[in-house]
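Engineer: Chains A and B are the protein sequences, given in the same order.
Here the UniProt record's numbering is used: position 7 in the first sequence is 7, and no number is missing along the way.
Here the UniProt record's numbering is used: position 24 in the second sequence is 24, and no number is missing along the way.
C-beta: ideal position from N, C-alpha, C; glycine also.
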Amino acid sequence: MNFQIVMLLGQDGLTNGAIYALLALSILLVFTVTRILLIPQGEFVAFAALTMAAMQGGTPVRLGWLLLALAAAAMVMDIHATWRRDGRPAVRRGSVLGVGYAAALTVLTTLVPLGDAGVAVQALVTMALIVPLGLALYRVFYQPIAAAHPLVLLIVSIAVHVVLVGVGLLMFGPEGARTEPFSDGGLRLGMVMLNSQTLWVVAVSLGLILGLYLFFERSLYGKALRAAAVNRLGAELVGISPELAGKASFALAALIGSLSGILIAPITTIYYDSGFIISLKGFVGAIIGGLASYPVAALGALLIGQAESFSTFWASSYKEVIVFTLILPVLVWRSLSHHGAEDEE
Amino acid sequence: MSAPLLEVSDLCVSYGKIEALSNASLRVGEGQIVTVIGPNGAGKTTLLSAIMGVLPSRGRIRFHGHDQQSPAIQDMVARGMSLVPEKRALFATMSVEDNLRLGGFRFHSRSRREQDAAMEGLYALFPRLKERRGQMAATLSGGERQMLALARALMGGPKLLMLDEPSLGLAPLIVREVFRIIAELRRKGVSILLIEQNAWAALRVADYAYVLELGRIAMEGPASELAHDPRVVAAYLGMAGKHQEMLAS
Ligand SMILES: Nc1ncnc2c1ncn2[C@@H]1O[C@H](COP(=O)(O)OP(=O)(O)OP(=O)(O)O)[C@@H](O)[C@H]1O
Ligand SMILES: [Mg+2]
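(1) Would you say the beta carbon of K281 (chain A) is closer than 6 Å to some non-hydrogen atom of ligand 2?
(2) By DSSP, does M171 (chain A) sit in helix, in strand, or in coil?
(3) Put I39 (chain A) into one of helix, strand or coil per three-state DSSP.
(4) Would you be able to state if there are at least three C-beta pairs under 8 Å between the segment 153-167 of chain B and the segment 67-85 of chain B?
(5) So, is K281 (chain A) buried or exposed, given that buried needs 16 or more other C-beta atoms within 10 angstroms?
(6) Kindly give me the distance between the Cβ atoms of I130 (chain A) and A254 (chain A), rounded to whole angstroms, as I take these residues to be in contact under 8 Å.
(7) Could you name the residues, in chain order, whose CB is less than 5 Å away from a heavy atom belonging to ligand 1?
(8) If you draw a straight line from the C-alpha of S191 (chain B) to the C-alpha of D75 (chain B), how long is it?
(9) Buried or exposed: which applies to G275 (chain A), given that a residue is buried once 16 or more other Cβ atoms fall within 10 Å of its Cβ?
(10) Taking three-plus beta-carbon pairs below 8 Å as touching, is the segment 258-273 of chain A in contact with the segment 45-53 of chain A?
(11) List, in chain order, every chain B residue whose beta-carbon is nearer than 7 Å to that of S241 (chain A).
(12) Any idea what DSSP makes of T93 (chain B), helix, strand or coil?
(13) Name the one or two DSSP bridge partners that E213 (chain B) has.
(14) V96 (chain B) touches chain A at which residues, Cβ-Cβ below 7 Å?
(15) Taking only beta-carbon positions, decide if E342 (chain A) is within less than 7 Å of chain B.
(16) Cβ of G65 (chain B) less than 7 Å from any chain A Cβ?
(17) Is there at least one Cβ from chain A nearer than 7 Å to R110 (chain B)'s Cβ?
(18) Does Y272 (chain A) come out as helix, strand or coil in the three-state DSSP assignment?
(19) Please report how far the alpha carbon of L47 (chain B) lies from the alpha carbon of L26 (chain B), in whole angstroms.
(20) Between the segment 77-103 of chain A and chain B, which residues of the former have a C-beta closer than 9 Å to a C-beta of the latter?
(21) What whole-angstrom Cβ distance do L43 (chain A) and H161 (chain A) have, given they're in contact under 8 Å?
(22) Between the alpha carbons of A123 (chain A) and L259 (chain A), how many angstroms are there, rounded?
(23) Quick one: which chain A residues come within Cβ less than 9 Å of G156 (chain B)?
(24) For I39 (chain A) versus I264 (chain A), is the C-beta spacing smaller than 7 Å?
(25) Can you name the start and end residues of the alpha helix (DSSP H) that residue 354 (chain A) belongs to?
(26) Taking the continuous beta strand (DSSP E) assigned at E196 (chain B), which residues delimit it?
(27) Comparing the CB of E86 (chain B) with every heavy atom of ligand 2, is any distance shorter than 6 Å?
(28) Which whole-angstrom value describes the C-beta separation of residue 257 (chain B) and E220 (chain B), a residue pair presumed to lie in contact below a C-beta threshold of 8 Å?
(29) I believe residue 280 (chain B) touches V96 (chain B) by the beta-carbon criterion, under 8 Å. Please report the beta-carbon distance rounded to the nearest angstrom.
(30) Check whether the segment 155-171 of chain A and the segment 21-41 of chain A are in contact - that is, three or more C-beta pairs closer than 8 Å.
(31) In this structure, how does DSSP classify K242 (chain B) when only helix, strand and coil are distinguished?
(32) What are the boundary residues of the beta strand (DSSP E) that A73 (chain A) is part of?
(33) State the CB to CB distance for the pair L67 (chain A) and P174 (chain A), rounded to an integer number of angstroms; the pair is presumed to be in contact (CB under 8 Å).
(34) Nearest chain A C-beta to A202 (chain B) closer than 7 Å, yes or no?
(35) Consider the Cβ of G121 (chain B): report whether some Cβ of chain A lies at a distance smaller than 7 Å.
(36) Beta-carbon separation of G13 (chain A) and S309 (chain A) under 7 Å?
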């Protein structure tokens with residue numbers, strides 16, 4: 001094993017690790033705000049990658065239909081909710097807008113060929129499909145049971161994941177797909193050749209992390225989302241709606257997931273069910289962070305990326321085993337150093 | 001006479017099969033301070049939680065012209081009701097300043113300048129919090145935390161402020177300060193529904209008072225009258241205890 005190989009593996013590990021870090025942050029965000037373990041996080045990744053590939057390959061983009069179906073379901077549920085509350089059914093403007101948006105986007109993506117539109121436009125359309133998908137998933141599957149025990153939320157999460165994978169097979173077929181790299185060439189640093197996609201991944205991840213940091217530290221809405229995670233009752237008492245916080249965290253998770261999918265699609269062949277194993281590595285990162293600390297979660301995820309990359313070299317058939325076995329010492333260490341008592345409430 | 005700001009009729013709350021509040025009725029007039037006193041476990045916290053919509057309830061709650069059954073917290077906040085809960089529910093890992101800013105979240109469309117002005121107004125009332133503005137809420141002293149909870153509730157610009165034992169665990173000097181602030185708030189037109197263990201101080205500052213026992217309103221009347229009612233004096237103002245001590249010595 002020489003320097004060249006180390007650098008190559010390190011670069012691979014960094015690229016994947018950056019993606020896992022994004023997913024770890026997203027899983028953490030959703031968990032702290034809603035107590036939901038977002039198992040379907042990976043579907044955002046896979047759906048984004050496959051939607052990009054469909055656009056580029058000129059095959060039909062079907063994701064709009066899923067969004068439309070969920071938006072329609074959300075509308076029916078909203079009508080039902082107002083009916084139960086006020087004694088008469090009423091249509092909220094928001095749900096009409098949602099259905100209209102989904103319909104417009106479905107028409108656009110089915111009728112307009114986007115194969116030559118360029119990566120930037122394709123990426124924007126993909127995110128425009130997936131971010132509202134996150135929101136709709138929360139509204140339809142999680143909001144009605146928001147107060148349930150975390151175990152129930154977990155079971156629902158698993159169910160949603162399984163259903164989405166099935167729908168993914170219907171929409172994208174069983175073949176894997178890979179997209180074109182964003183740009184050609186790379187950057188030479190001394191002896192090391194940095195792949196251009198690595199640079200894209202690292203730059204976009206850093207930009208996104210910085211953006212999230214500013215959002216949560218500087219803006220009132222970001223603070224409100226943090227507040228909903230820190231103290232649910234306190235947040236409700238100052239008028240932060242837990243439904244809105246839940247929807248916002250899901251929309252952010254979908255944004256992060258779709259960006260990750262768009263970034264990873266030129267590097268790895270993605271299948272309709274590839275999302276799970278990818279987000280599982282982000283999840284391991286989040287566990288290393290104790291489902292509480294953002295920086296530790298991100299570092300943990302970067303570590304997973306490296307472990308994976310180097311184990312591919314040494315024992316490639318045991319790659320996944322090695323990566324997921326890594327979680328054991330961390331869990332042992334965590335349970336030994338855990339102080340038990342949480343604060344009030 | 002105009003309708004009261006808050007009118008609660010026949011409110012019932014159950015925890016499972018246990019009824020913690022039975023047919024409680026009370027009113028808070030515009031600009032009034034009303035207090036509810038009672039022994040531990042009487043259902044005082046339950047009462048405030050149900051009025052705010054934190055707990056589901058049966059019975060009518062009429063607030064600021066809206067009649068509702070088992071209201072939603074959001075609606076109550078939007079109409080100008082504010083609760084300082086027994087457990088305070090501060091944002092522990094956030095700074096004092098962030099806690100206050102979030103207290104005004106229902107005015108989130110206001111400009112930054114207006115929000116800052118509201119905050120300066122509060123810092124004038126609580127200079128101690130201004131000194132500590134950058135500190136994390138979890139690291140505040142008990143008294144400072146009470147102040148922060150009160151200040152955060154005030155950032156919402158409430159018409160009705162509900163306080164669950166605001167003087168709990170405070171040194172006598174700070175208790176006086178809290179009651180001074182309560183009186184000052186009334187002068188500014190805020191109506192207050194106050195729960196207190198310190199019945200003596202509560203009855204002195206309040207206009208009207210209710211005694212809650214075993215989930216039922218056992219007595220009510222103008223605070224100054226209740227303060228001299230022999231049963232209240234015996235049970236809550238501790239004079240009977242002192243009297244017996246004197247006899248014993
Ligand atoms: N979540 C709950 N589940 C079951 N019982 C409860 C619950 N919360 C309160 N109770 C019971 O309801 C009764 C009223 O409680 P509440 O907290 O309203 O009393 P309180 O008057 O505020 O007492 P304190 O002065 O000690 O604060 C108590 O007997 C209490 O044990
Ligand atoms: Mg209480």
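Structural biologist: In brief:
(1) Here residue 281 (chain A) refers to the residue found at position 281 of the first sequence. The answer is no for K281 (chain A).
(2) By one-based count along the first sequence, residue 171 (chain A) stands at place 171. Correct three-state label for M171 (chain A): helix.
(3) Numbered from its first residue, the first sequence carries residue 39 (chain A) at position 39. Coil.
(4) yes
(5) Mapped onto the first sequence, residue 281 (chain A) falls at position 281. Classification of K281 (chain A): buried, given that the 10 Å Cβ count is 16 or more.
(6) Walking along the first sequence from the start, residue 130 (chain A) turns up at place 130. Walking along the first sequence from the start, residue 254 (chain A) turns up at place 254. With a Cβ gap of about 5 Å, I130 (chain A) and A254 (chain A) count as contacting.
(7) Spelled out in chain order, the answer is B:Y15, B:A20, B:N40, B:G41, B:A42, B:G43, B:K44, B:T45 and B:T46.
(8) Here residue 191 (chain B) refers to the residue found at position 191 of the second sequence. Here residue 75 (chain B) refers to the residue found at position 75 of the second sequence. Computed Cα separation, rounded: 18 Å.
(9) The residue given as residue 275 (chain A) occupies position 275 in the first sequence. Classification of G275 (chain A): buried, given that the 10 Å Cβ count is 16 or more.
(10) yes
(11) Position 241 of the first sequence holds residue 241 (chain A). Going along chain B in sequence order, the residues near S241 (chain A) (Cβ under 7 Å) are Q74.
(12) Along the second sequence, one-based indexing puts residue 93 (chain B) at 93. Coil, per DSSP.
(13) Locating residue 213 (chain B) in the second sequence gives position 213, counting from the first residue. DSSP output for E213 (chain B) lists B:R216 as bridge partner(s).
(14) For this step, residue 96 (chain B) is matched to residue 96 along the second sequence. Here the premise fails: no neighbours, minimum Cβ distance about 13 Å.
(15) Start at 1 with the first residue of the first sequence, and residue 342 (chain A) comes out as number 342. With a pLDDT of 44 at E342 (chain A), under the threshold of 50, the modelled position of this residue cannot be trusted, and the question is left open.
(16) For the purposes of this step, residue 65 (chain B) is identified with residue 65 of the second sequence, where counting begins at 1. With 7 Å as the cut-off, G65 (chain B) does not count as an interface residue toward chain A.
(17) Against the second sequence, residue 110 (chain B) aligns to sequence position 110. No - not a single Cβ of chain A is within 7 Å of the one on R110 (chain B).
(18) Residue mapping note: residue 272 (chain A) aligns to position 272 of the first sequence, counting from 1. It is coil, neither helix nor strand.
(19) In the second sequence, counting from the first residue as 1, residue 47 (chain B) sits at position 47. In the second sequence, counting from the first residue as 1, residue 26 (chain B) sits at position 26. Each residue's Cα considered, the two are about 10 Å apart.
(20) R85
(21) Working through the first sequence from its first residue, we reach residue 43 (chain A) at position 43. Working through the first sequence from its first residue, we reach residue 161 (chain A) at position 161. The sequence given here places Glu at residue 43 (chain A); Leu does not occur at that position. Correct: roughly 7 Å between the Cβ atoms.
(22) Walking along the first sequence from the start, residue 123 (chain A) turns up at place 123. Walking along the first sequence from the start, residue 259 (chain A) turns up at place 259. A123 (chain A) and L259 (chain A): Cα-Cα distance of roughly 8 Å.
(23) Start at 1 with the first residue of the second sequence, and residue 156 (chain B) comes out as number 156. Neighbours of G156 (chain B) in chain A, taken as residues at a C-beta separation under 9 Å, are given in chain order as L237, V238 and G239.
(24) Walking along the first sequence from the start, residue 39 (chain A) turns up at place 39. Walking along the first sequence from the start, residue 264 (chain A) turns up at place 264. Contact: no.
(25) Within the shown structure, residues of chain A are numbered from 1 to 345, placing residue 354 (chain A) beyond reach of any answer.
(26) If you number the second sequence from 1, residue 196 (chain B) lands on position 196. It is not in any beta strand (DSSP E) - E196 (chain B) carries neither H nor E in the DSSP assignment.
(27) Within the second sequence, residue 86 (chain B) is the residue found at index 86, counting from 1. It does: the Cβ of E86 (chain B) is within 6 Å (strictly closer) of some heavy atom of ligand 2.
(28) Past the boundaries of the shown model lies residue 257 (chain B); chain B is included only from 1 to 249, so the question cannot be answered.
(29) The question about residue 280 (chain B) has no answer here: the residues shown for chain B are numbered 1 through 249.
(30) yes
(31) Counting from one through the second sequence, the residue named residue 242 (chain B) turns up at place 242. Its pLDDT being 48, under 50, K242 (chain B) is placed unreliably in this model, and the coordinates cannot settle the point.
(32) Numbered from 1 along the first sequence, position 73 holds the residue referred to as residue 73 (chain A). Note, A73 (chain A): premise wrong, no beta strand (DSSP E); alpha helix (DSSP H) at L63 to D86.
(33) The count along the first sequence starts at 1 and reaches residue 67 (chain A) at position 67. The count along the first sequence starts at 1 and reaches residue 174 (chain A) at position 174. That belief does not hold up - the Cβ atoms of L67 (chain A) and P174 (chain A) are roughly 22 Å apart, past 8 Å.
(34) Position 202 of the second sequence holds residue 202 (chain B). Output row for A202 (chain B): interface = no.
(35) Walking along the second sequence from the start, residue 121 (chain B) turns up at place 121. With 7 Å as the cut-off, G121 (chain B) does not count as an interface residue toward chain A.
(36) In the first sequence, the residue the question calls residue 13 (chain A) occupies position 13. In the first sequence, the residue the question calls residue 309 (chain A) occupies position 309. Their beta carbons are under 7 Å apart, which means G13 (chain A) touches S309 (chain A) by this criterion.
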